[in-house]
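A.B. asks: After the C-alpha cells below, expect a handful of questions from me.
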Amino acid sequence: MFECLVDDLVAIQNRIQQDQAVVWRRAFCRALFAMIEGINSWLKQYVVKFWPGIIGDDTKLALQDRKIVTNKSGNQNIALAYKPFAENLYFSFDTFAWTSGSDFCLNRKSEGWVLLNQANIVRNRVVHPKRPDDLNITDAELALLQRTFNCYIEQLLQLFRSSGQALMEETEGLKRAWCKYHPDQADLADTMDQELEELHPH
Numbered sequence: 402m403f404e405c406l407v408d409d410l411v412a413i414q415n416r417i418q419q420d421q422a423v424v425w426r427r428a429f430c431r432a433l434f435a436m437i438e439g440i441n442s443w444l445k446q447y448v449v450k451f452w453p454g455i456i457g458d459d460t461k462l463a464l465q466d467r468k469i470v471t472n473k474s475g476n477q478n479i480a481l482a483y484k485p486f487a488e489n490l491y492f493s494f495d496t497f498a499w500t501s502g503s504d505f506c507l508n509r510k511s512e513g514w515v516l517l518n519q520a521n522i523v524r525n526r527v528v529h530p531k532r533p534d535d536l537n538i539t540d541a542e543l544a545l546l547q548r549t550f551n552c553y554i555e556q557l558l559q560l561f562r563s564s565g566q567a568l569m570e571e572t573e574g575l576k577r578a579w580c581k582y583h584p585d586q587a588d589l590a591d592t593m594d595q596e597l598e599e600l601h602p603h
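So for the sequence shown, this note's numbering puts the first residue at 402; every next one is plus one.
Right, here's the structure in full:
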C-alpha cells in the first residue's frame, strides 16, 4: 500500500512539472491526504493485529474508529466514531510508538505540525468547495502541500526507526534472559529474530 500511495503522488508531481493546470494540483492535494489517511489507518490496524494483549478495550475500539455509546434506555452499543484529522494522525502515531516500546512523539508545536494543519485547511476547501474559487490552488499552497508531503514522510520514517530500534532492544533482552535460564536451549532464542521480522513493518 505504501508504494502505491507514494507512487501516485510522485506521478502527479511529475505531471505538475510539465503541466501547471490546476486539475493536477487538486489531484496532488487529494492524493496527499489519501496517502496520509491510508497510512494512519494501517498504523492503527497494525497495533490491533499485533499488540491486542497490551491495549485496553477502549483503545482497541478507538483504533477501529469505534466507541461505546449508551442510549436513553441505558443500553450500550458500538458506534462509528471518527476522529478529526489532526487528532487521528497524532493518535495513530502515538499508539504505534508506545506499543512498540518507543518514546517517539509528534511535536504538536513544531513547524511540521503547523504545516499539516494548514495543508488540511486547503484539502477541506478543495474537497468541500462552497464557491468556484475554492477549487483553485495557488503556487504558495502547492508549495505548502509539497512540504507537507516531505514532512509527513520524514516523521513516518522516524517513527519506524524508533519503533524498530525499541523492538530490537526488547528482543535482545528477551534473548539474554532466555539463554541465561535455558542454556541448553539457546538455539531457540534465534526464533525471536524471525518473529520480530514478521512484526516489524518494511
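Positions of the beta carbon are idealized from the N, C-alpha and C atoms, including for glycine.
(1) Report buried or exposed for I538, applying the criterion of at least 16 other Cβ atoms within 10 angstroms of its Cβ.
(2) Reducing DSSP to helix, strand and coil, say where N489 ends up.
(3) From L517 to Q566, what does the alpha carbon distance come to, in whole angstroms?
(4) Might you give, ordered along the chain, the residues of its own chain that have their beta carbon closer than 8 Å to the beta carbon of Y483, omitting 5 neighbours on each side?
(5) Which partner residues of T471 appear in the DSSP bridge assignment?
(6) Determine the DSSP secondary structure at R509, reduced to helix, strand or coil.
(7) Return the first residue and the last residue of the alpha helix (DSSP H) that I409 is part of.
C.D. replies: So, from the data block:
(1) Your numbering for residue 538 matches position 137 in the sequence shown. I538 should be labelled buried.
(2) As a working mapping, residue 489 is identified with position 88 in the sequence shown. Shown here, N489 sits in a helix according to DSSP, grouped into three states.
(3) As a first step, residue 517 is located in the sequence shown; it is residue number 116 there, counting from the start. As a first step, residue 566 is located in the sequence shown; it is residue number 165 there, counting from the start. In a straight line, the C-alpha of L517 is about 26 Å away from that of Q566.
(4) Numbered from 1 along the sequence shown, position 82 holds the residue referred to as residue 483. Around Y483: D466 and N489.
(5) As a position in the sequence shown, residue 471 is number 70, starting the count at 1. Secondary-structure assignment with DSSP links T471 through a beta bridge to Q477.
(6) Mapped onto the sequence shown, residue 509 falls at position 108. Of the three classes helix, strand and coil, the one that applies to R509 here is coil, per DSSP.
(7) Locating residue 409 in the sequence shown gives position 8, counting from the first residue. The amino acid at residue 409 is misidentified as Ile; the sequence shows Asp. Counting along the chain, the alpha helix (DSSP H) containing D409 begins and ends at F403 to Q419.
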